[in-house]
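Notes follow the structure.
Chains as they are written, first to last, in this note's numbering: chain B, 1 to 113; chain D, 1001 to 1114.
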């Protein structure tokens, strides 16, 4: 069955360090992958999209990589700040219908000052 | 900016009550979605609508129905609320045919069924 895996354990890092979150998927070849941020009690907010033909994408302190051979995406936050503390979700169009996303369970990031 | 609003942030209902959750988006998006989010289970799709009066079941449609009479509004209905429907409900919208399907979420409704 199709599956998206994110580390369910919280990631605790020190302010100023680089946070790296992982999204693994199985049994599918998505055309793109998205990352969202979710704060407690709020809806997810779109951050970045990376397509299958892109190896890397950057936006300010964020960087996403997409390895279609490993079936893995890495999400990096450089020079992390306490304000980056949130849950980060990856999402894929698993049914290739071009309209529905399947979300991973998310990884909670805690950045300590 | 896309704005997705949900009728209530918090809602408390009793078992057996009929519950309406409403969602409105202001960006003329064709697609609208209802999810529920539970600890350890992530976001699960309940129903999806790609046009007015059109709907498709998601992963967990049992116990729910939806209505989309106008493009901007998508309602989730719990015909007879049960305690296992206590959850955070999230509405989202997206543009059809955008080849990216970025979804824009509302703030969520935390529903408690007693």
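No residue lacks a Cβ here, since even glycine has one placed at the ideal position from N, Cα and C.
Please list, in chain order, the chain D residues whose beta carbon lies closer than 8 Å to that of residue 72 (chain B). The contact set of residue 72 (chain B) on chain D, defined by CB atoms closer than 8 Å, is empty, because the minimum CB distance reaches about 18 Å.
May I have the straight-line CA-CA distance separating residue 78 (chain B) from residue 1110 (chain D), to the nearest angstrom? If you draw a straight line from the Cα of residue 78 (chain B) to the Cα of residue 1110 (chain D), it comes to about 33 Å.
Output yes if chain E places a C-beta closer than 8 Å to the C-beta of residue 1109 (chain D); else output no. Structure shown: chain E not included; protein chains present are B and D.
Within 10 angstroms of its Cβ, does residue 1104 (chain D) collect 16 or more other Cβ (buried), or is it exposed? Residue 1104 (chain D) should be labelled buried.
In three-state DSSP terms, what is residue 27 (chain B)? Correct three-state label for residue 27 (chain B): coil.
Sequence-distant residues of its chain with Cβ nearer than 7 Å to residue 16 (chain B) (five each side left out): In its chain, beyond the 5 residues on either side, 79, 80 have a beta carbon closer than 7 Å to the beta carbon of residue 16 (chain B).
Going by Cα to Cα distance, which pick from D:1042, D:1069, D:1015 is closest to residue 1060 (chain D)? For the residues D:1042, D:1069, D:1015, the minimum Cα distance to residue 1060 (chain D) belongs to D:1042.
If residue 1058 (chain D) and residue 1047 (chain D) are in contact, beta carbons under 8 Å, what's the gap, nearest whole angstrom? Right, their Cβ atoms sit about 5 Å apart.
Anyone know if the C-beta pair for residue 63 (chain B) and residue 24 (chain B) falls short of 8 Å? The answer is no: Cβ separation not under 8 Å.
Using 8 Å as the threshold, is the stretch 1017-1031 of chain D in touch with the stretch 23-43 of chain B, meaning 3 or more CB pairs across them? Counting Cβ pairs under 8 Å, fewer than three are found: no touch.
Examine the Cβ distances between the stretch 1074-1083 of chain D and the stretch 3-23 of chain B and report whether three or more of them are shorter than 8 Å. As far as the Cβ criterion goes, the stretch 1074-1083 of chain D does not touch the stretch 3-23 of chain B, which means the pair count is below three.
With a threshold of 16 other CB atoms inside 10 Å of the CB of residue 1010 (chain D), please say whether the residue is buried or exposed. By the neighbour-count rule (16 or more Cβ atoms within 10 Å), residue 1010 (chain D) is not buried but exposed.
If the criterion is Cβ atoms closer than 8 Å, does the pair residue 32 (chain B) and residue 93 (chain B) meet it? Yes, Cβ-Cβ distance for residue 32 (chain B) and residue 93 (chain B) is below 8 Å.
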